[in-house]
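Undergrad: Here it is: the structure, laid out below.
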Amino acid sequence: MRHPRLLRFTGLLLGLALLTGSATPDPAVQTRDFQSYFAAYGLRGSFLVLNADTRQYTAYDLDRCRQGFLPASTFKIPNSLIGLETGAVRDTAEVFRWDGVKRSFPQWNQDMSFGRALRVSCLPCYQQIARRVGAERYQQWLPKLRFGRMQVTPATVDSFWVVGPSRITQFEQIDFLQRLQQGKLPVSKRTQELTKDLLVLSRGPGWVLRGKTGWAMRQGQDNGWFVGWVEQKGKAHFFALNVEPADGKPATSAFIQGRRAVTERILQQEFGLLAGPGKP
């Protein structure tokens, strides 16, 4: 039997350890001013990048990087994983039939494969997937994937990522993408590899860019995303950009193109990534 004094001393040491050593340290974050890149496209917003090798974050408008926004079409990444893993989608070649309703994005008004549906960000196609998955299975899978704070009910099952209270921060986007890139999500290797292949946007000498844009339109205020990662010379950099039109007016072509253009310019000019001509 242990001596009472020894037990008290052990308890004191444990308490001190919990106070001083158990907390996970905050990530290293340096701040930079990238405002000129945003201004060139009439945008305001924030940018976050993580060097996975050094574990160093670089942030433009750090407070905003910690603010939650609707995920919009960046949710197509976890939605693809859930669709494939649950069998709601057979594979990337499965064809989604156009319902004949003409929508404002002409590229959606046609039959298309699952792979193409992600590349053109086809909302009606992913709404079909959402109805197949159902609210109950989302409620089981979303906590496992740890993609922000999604809120889904049977009534919102095909819209909860574009309207409503669901939110995700830029830090949470990067955390999720890291686990996908490293194959550490709680889904099969096949599902993760198929999804990563769908996310390839361009390649160049020694590098590959993967990513997904997003666009939430709510009450006249447009909010846009571009998230993903660059693998270059055996190292990975993860990024998350969130923007709005600086004048508060509806989105223009500068907003649509600027999400990816601002990101690529920062990665090229500030981090030396995406060097050399890329190709789709």
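Residues -25 to -1, 1 to 255 in mature numbering (1 follows the signal peptide of the UniProt record, and there is no 0) are what the sequence shown spells out, letter by letter.
Note that the Cβ used here is the ideal one computed from N, Cα and C, for glycine as well.
These numbers were taken from a predicted model, which means no experiment stands behind them.
Mind checking which residues open and close the beta strand (DSSP E) that includes Val24?
TA: 18 to 26 is the extent of the beta strand (DSSP E) around Val24.
Undergrad: Taking a contact to mean a Cβ-Cβ separation below 9 Å, would you say Arg142 touches Gly186 in this structure?
TA: It is not a contact, given that the beta carbons lie outside the stated cut-off.
Undergrad: With a threshold of 6 Å on Cβ separation, who are the neighbours of Leu117 within its own chain once the five nearest residues in sequence on each side are excluded?
TA: The residues are Met125.
Undergrad: Answer with buried or exposed for Val237, where buried requires no fewer than 16 other C-beta atoms within 10 angstroms of its C-beta.
TA: Val237 comes out buried.
Undergrad: Rounded to whole angstroms, what is the Cα-Cα separation between Ile57 and Ala63?
TA: Near 8 Å, if we compare the C-alpha coordinates of Ala63 and Ile57.
Undergrad: Quick check on this structure: which residue in Gly17, Gln5, Ala15 has the alpha carbon closest to the alpha carbon of Leu23?
TA: Answer by Cα proximity: Gln5.
Undergrad: Under a Cβ-count criterion, where at least 16 other Cβ atoms within 10 Å of its own Cβ denotes burial, should Gln31 be classed as buried or exposed?
TA: Exposed is the call here.
Undergrad: Excluding sequence positions up to five away, which residues of its chain have a Cβ less than 7 Å from the Cβ of Ala3?
TA: Same-chain partners within the cutoff: Arg30, Gln31, Tyr32.
Undergrad: With a threshold of 16 other CB atoms inside 10 Å of the CB of Leu242, please say whether the residue is buried or exposed.
TA: With 16 or more Cβ atoms within 10 Å of its Cβ, Leu242 is classed as buried.
Undergrad: Classify Ala(-3) as helix, strand or coil using the three-state DSSP reduction.
TA: Its pLDDT being 40, under 50, Ala(-3) is placed unreliably by the model, and the measurement read from it follows with that caveat. Here Ala(-3) sits in coil by DSSP.
Undergrad: Identify the residues that DSSP records as bridge partners of Gln5: which are they?
TA: Thr33.
Undergrad: Indicate the three-state DSSP secondary structure (helix, strand or coil) for Val237 in the structure shown.
TA: Reduced to three states, the DSSP call for Val237 is helix.
Undergrad: Could you give the residue range of the alpha helix (DSSP H) that holds Asn54?
TA: Looking at the DSSP string, the run of the alpha helix (DSSP H) that includes Asn54 is 51 to 61.
Undergrad: With a cut-off of 8 Å, do at least 3 Cβ pairs link the segment 160 to 178 to the segment 130 to 146?
TA: These segments do not touch.
Undergrad: On the CB-based measure, 16 or more other CB atoms within 10 Å of its CB, does Lys224 come out buried or exposed?
TA: Classification for Lys224: exposed.
Undergrad: What distance in whole Å lies between the Cβ atoms of Tyr101 and Val132, which are believed to be in contact at a cut-off of 8 Å?
TA: Incorrect: roughly 11 Å between the Cβ atoms, too far for contact.
Undergrad: Between Leu59 and Thr67, what straight-line distance do the alpha-carbon atoms span, to the nearest angstrom?
TA: One C-alpha to the other measures close to 9 Å.
Undergrad: Would you call Phe(-17) buried or exposed, if buried means 16 or more other Cβ atoms sit within 10 Å of its Cβ?
TA: For Phe(-17), the predicted structure reports a pLDDT of 38, less than 50, and the residue's modelled location is therefore unreliable. The matter cannot be settled from this model.
Undergrad: Quick one: give me the first and last residue of the beta strand (DSSP E) that Arg193 is part of.
TA: That run of the beta strand (DSSP E) goes 182 to 193.
Undergrad: Quick check: the Cα distance between Lys208 and Trp182, rounded to an integer number of angstroms?
TA: In a straight line, the C-alpha of Lys208 is about 7 Å away from that of Trp182.
Undergrad: Between Ser110 and Val218, what straight-line distance do the alpha-carbon atoms span, to the nearest angstrom?
TA: Residue 110 is actually Ala in this sequence, not Ser. One C-alpha to the other measures close to 29 Å.
Undergrad: Once DSSP output is grouped into helix, strand and coil, what is the label at Trp200?
TA: The answer is strand: DSSP assigns Trp200 an E or B state.
Undergrad: Reducing DSSP to helix, strand and coil, say where Pro220 ends up.
TA: Strand at Pro220.
Undergrad: Buried or exposed: which applies to Ala14, given that a residue is buried once 16 or more other Cβ atoms fall within 10 Å of its Cβ?
TA: Burial call: exposed.
Undergrad: Is DSSP giving Glu69 helix, strand or coil here?
TA: Note: Glu69 maps to coil in three-state DSSP.
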